[in-house]
Amino acid sequence: MASKDQAKKNAAKAKKVGPKEYLKGVKLEMSKVVWPTKKELGTFTGVVIATCAVFALGFWLIDTGVLAALKAVLNITLN
């Protein structure tokens, strides 16, 4: 129960700010971001595309295998 009381106290202490102060805070935090270089961005993009391609191929193989198994089971059942 103490943690709920503490959470209520912390919520009561939270300072409400207007849109202007909020945007100033956003600008301040965005200035702290370490942005990737063009080379890093290209590398990261390539990794994401390659990973997506590998997973797509894997899902296609699994789907094809399951479909073949279902067709085999249904073919045996119907004959």
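Going by our numbering, the first residue of the sequence shown is number 1, and it counts up by one from there. The beta carbon of each residue, even a glycine, is placed where N, CA and C say it ideally should be. All values reported here derive from a predicted model rather than from experimental measurement.
Residue i - DSSP class collapsed to helix/strand/coil
| i | result |
| --- | --- |
| lysine 71 | helix |
| lysine 4 | helix |
Any non-hydrogen atom of the ligand FAD closer than 8 Å to residue i Cβ
| i | result |
| --- | --- |
| valine 34 | The ligand FAD is not part of this structure, which contains no ligands at all. |
Cβ neighbours of residue i in the same chain (closer than 7 Å, five flanking residues each side left out)
| i | result |
| --- | --- |
| glutamine 6 | none |
| phenylalanine 44 | Pro36 |
Cβ-based neighbour list, residue i, same chain, cut-off 8 Å, excluding 5 preceding and 5 following
| i | result |
| --- | --- |
| valine 26 | none |
Residue ranges of each alpha helix (DSSP H) within the stretch 18 to 50, 4 or longer
Here the runs fully enclosed are 19 to 31.
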